[in-house]
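Heads up, our numbering is the position in the sequence shown plus 678, with the first residue counted as 1. Idealized CB from N, CA, C, for every residue including glycine.
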Amino acid sequence: MMNKIRIAICGTVLAITCSVAQDYSNVAYCVGSSGLRMTNLTMVAISSWGQQFRPTDSLSTGYLHRSGFIHVLGIGPWADTDNDGIPDEDDTDNDNDGLSDTIELTGSAFSPATPTDPNKADTDCDGLADSSELIAGTDPNSATSVLAMAEIRDSTTAIVIQVATVPGRRYELVYSSCLTNTWSAFWNTNASIYKSVASTCAVHVFLDDFTTNTSGSVPEHGLRFYRVRLSSP
């Protein structure tokens, strides 16, 4: 079996050669411009996807590669994923999402560890950057796990706002009668703030009954906009 991958590696690396052992593993080495095997080099070797073992990494120049055969490495020194003027080979955050490439590859910032795509700011394409998902406590690999208002509806005496919550996060509901105005918290700030102490994800209900406990008045021109602000511990 032969796999071909295209990745960017920091530093001057021209090629990777592999030797196959009887246990069908690979040892990968970096070869410098002189054509000789590089020594005393710090590198991160990442195993390929789609094999029988999950991706793993190693901070050594010789890496026992047990997730498939990688015989060809394509290096693109011209690549600049986030167009910030820093080539990916020299950029510690290729997609400029606020998480370093090493953290994205290992997933160490998330609990449990959740690797993400270092070349894609929003791995699951749900509208939240991977770093925002870290703050929100949502799954960066699941488009259905996202900070969102579950429902907004008008009842007889109040507007009901339901927000999907994650344990340990603090949520604040703010409102405005016009998108060009500033956002305001309820008069009674306790009514607009919720900190989840539950052990599992849940839905919290905010109520705007237009009294001095909440927004203080009926929406101007019948319009009212709501926003949820989130902070992590």
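Problem set entry | Residues bridged to lysine 873 [DSSP beta-bridge criterion] | Lysine 873 pairs with Arg848.
Exercise. In three-state terms, what does DSSP make of phenylalanine 731?
Worked result: Bear in mind that a pLDDT of 42 at phenylalanine 731, under 50, signals an unreliable position, so the number given afterwards is only what the model happens to contain. Coil.
Problem set entry | Ordered list of alpha helix (DSSP H) runs contained in the segment 857-907, each at least 4 residues | Counting only unbroken stretches of 4 or more residues, the alpha helix (DSSP H) elements lying wholly within the segment 857-907 are 867-870, in sequence order.
Exercise. Any idea if histidine 743 is buried or exposed, counting beta-carbon neighbours within 10 angstroms, 16 or more meaning buried?
Worked result: The pLDDT assigned to histidine 743 is 42, lower than 50, so where the model puts this residue is not dependable; a value taken from the coordinates is nonetheless given after this. Under this definition histidine 743 is a buried residue.
For this session: Measure the alpha-carbon distance for leucine 908 versus arginine 847 and round it to whole angstroms.
Result: Between the alpha carbons of leucine 908 and arginine 847 lies a gap of roughly 7 Å.
Problem set entry | Cβ shell of glutamate 898 (< 6 Å), same chain only, five flanking positions each side left out | Cβ neighbours of glutamate 898 beyond the five flanking positions: Ser855.
Problem set entry | At least 3 beta-carbon pairs within less than 8 Å: the segment 783-798 vs the segment 811-818 | Contact holds: three or more Cβ-Cβ distances are below 8 Å.
Problem set entry | Residues bridged to isoleucine 837 [DSSP beta-bridge criterion] | Isoleucine 837 is bridged to Asp832 and Asp886.
Problem set entry | Helix, strand or coil at threonine 784 [DSSP, three-state] | Reduced to three states, the DSSP call for threonine 784 is helix.
Exercise. Looking only at DSSP bridge pairs, what is alanine 842 linked to?
Worked result: The bridge partners DSSP lists for alanine 842 are Val881.
Exercise. Where does aspartate 779 land, buried or exposed, given buried means 16+ other C-beta within 10 angstroms?
Worked result: With a threshold of 16 other beta carbon atoms within 10 Å, aspartate 779 meets it and is buried.
For this session: For isoleucine 837, collect the residues of the same chain with a Cβ closer than 6 Å to its Cβ; drop the 5 residues on either side in sequence, then sort them by chain order.
Result: Spatial neighbours of isoleucine 837 in its own chain (CB-CB distance under 6 Å, excluding positions within 5 residues in sequence) are listed in chain order as Asp886.
For this session: On the DSSP bridge assignment, give the partners of serine 789 in chain order.
Result: In DSSP, serine 789 forms no bridge with anything.
Exercise. Taking Cβ positions, are phenylalanine 888 and valine 881 nearer each other than 7 Å?
Worked result: No, Cβ-Cβ distance for phenylalanine 888 and valine 881 is not below 7 Å.
Exercise. Under 7 Å, do tryptophan 865 and valine 852 count as touching if we go by C-beta distance?
Worked result: No. Outside cutoff.
Exercise. Are the Cβ atoms of aspartate 775 and alanine 799 separated by less than 7 Å?
Worked result: In terms of Cβ geometry, aspartate 775 and alanine 799 form a close pair [threshold 7 Å].
Problem set entry | Closest Cα partner of isoleucine 813 within the set Ser877, Val844, Asp758 and Asp766 | Cα-wise, what sits closest to isoleucine 813 is Val844.
For this session: Alpha carbon to alpha carbon, how far is proline 765 from aspartate 758? Give it in angstroms, no decimals.
Result: Straight-line Cα distance between these residues: approximately 5 Å.
For this session: Rounded to whole angstroms, what's the CA-CA distance from alanine 842 to tyrosine 904? Just pull it up for me.
Result: Alanine 842 and tyrosine 904: Cα-Cα distance of roughly 14 Å.
For this session: Figure out for me which residue from Thr834, Ser910, Thr835 and Leu857 has the closest Cα to the Cα of valine 875.
Result: Out of Thr834, Ser910, Thr835 and Leu857, the CA that lies nearest to the CA of valine 875 is found in Ser910.
For this session: Express the C-alpha separation of serine 810 and threonine 822 in angstroms, rounding to a whole number.
Result: Distance between threonine 822 and serine 810, taken at the CA atoms: about 15 Å.
Exercise. Counting along the chain, where does the alpha helix (DSSP H) carrying glutamate 811 start and finish?
Worked result: Where glutamate 811 is concerned, the enclosing alpha helix (DSSP H) stretches over 808-814.
Problem set entry | valine 906 classed as buried or exposed, judged by whether at least 16 other C-beta atoms fall within 10 angstroms | Around the C-beta of valine 906, 16 or more other C-beta atoms lie within 10 Å, and the residue is accordingly described as buried.
Exercise. Whose C-beta lies closer than 6 Å to the C-beta of tyrosine 872 among residues of the same chain, with five residues either side of it excluded?
Worked result: The answer, listed in chain order, is Tyr849 and His882.
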